[in-house]
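Numbering (this note's numbering), first residue to last: 25 to 203.
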């Protein structure tokens, strides 16, 4: 096999992902075309696979819930290094690579630590007038791309927020066995 061709395709796909061209990148990698979600038949299939979320998808934090302590800058940076830098960004467009670059600045990293700690705590300490459910929704929205399979089926590809993946990784490390 021609290794040079694989490297060239990888660079093209990576560039597409950086520009937010997820459907094109997926098509390039898989040879499959994105499904036309405006087609009523495809839209119906997608809705059956992914029904709308309940109006209040998040339960309230229990009153006795133990809140996580503030994430340390070193822990944040270490967790970011463990994450896949080539993963596509979610709805916000913030990728792991962008978060890594932002975390190089200590003041920005401290702000990210505060945000991730709030995420881990379910935004339990939101100021008056700030709706925790609305904030949670921002971070848990997922970008969905649907590909057509050769047999006519659908292959969904979901891209979650890198910040949510980061908060989940750091919260997991707080568990007694770290798993």
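We put the beta carbon where it would ideally sit given N, CA and C, even for glycine.
On a predicted model such as this, the values are computed, not experimentally measured, just so you know.
C-alpha distance - residue i paired with residue j, whole-angstrom precision
i           : j           : result
residue 200 : residue 87  : 22 Å
residue 176 : residue 62  : 16 Å
residue 60  : residue 141 : 39 Å
residue 114 : residue 96  : 24 Å
residue 134 : residue 53  : 37 Å
residue 70  : residue 173 : 13 Å
residue 127 : residue 76  : 35 Å
residue 161 : residue 183 : 15 Å
residue 197 : residue 44  : 30 Å
residue 167 : residue 131 : 29 Å
residue 285 : residue 185 : Residue 285 cannot be examined here, being either before or after the span of the chain that is shown, 25 to 203.
residue 106 : residue 164 : 21 Å
residue 36  : residue 129 : 29 Å
residue 90  : residue 146 : 11 Å
residue 157 : residue 94  : 21 Å
residue 195 : residue 125 : 22 Å
For residue i, three-class secondary structure by DSSP
i           : result
residue 75  : coil
residue 188 : helix
residue 169 : strand
residue 210 : The structure shown has nothing for residue 210, since the chain only spans 25 to 203.
residue 107 : coil
residue 26  : Annotation note: pLDDT 46 at residue 26 (below 50); position unreliable, no value reported.
residue 178 : strand
residue 86  : coil
residue 58  : strand
residue 91  : coil
Among the options, the one whose alpha carbon lies nearest that of residue i
i           : options               : result
residue 67  : 171, 38 and 194       : 171
residue 108 : 195, 187, 197 and 143 : 187
residue 121 : 196, 163 and 103      : 103
residue 58  : 181, 198, 185 and 118 : 181
residue 193 : 75, 38 and 99         : 99
residue 65  : 178, 184 and 196      : 178
residue 110 : 49, 137 and 75        : 49
residue 119 : 41, 35 and 138        : 41
residue 159 : 195, 105, 183 and 116 : 116
CB-CB length for residue i against residue j, believed under 8 Å
i           : j           : result
residue 123 : residue 190 : 7 Å
residue 285 : residue 46  : Absent from the model: residue 285. The displayed extent of the chain is 25 to 203, so no value can be given.
residue 280 : residue 33  : Look at the range of the chain in this structure, 25 to 203, and you will see that residue 280 is not part of it.
Beta bridge counterpart(s) of residue i as assigned by DSSP
i           : result
residue 194 : DSSP, once it has assigned bridges, lists no residue as partnering residue 194.
residue 183 : 167
Residue-chain proximity (residue i, chain C), Cβ-Cβ < 9 Å
i          : result
residue 75 : Note that chain C does not occur in the displayed structure, where there is just one protein chain.
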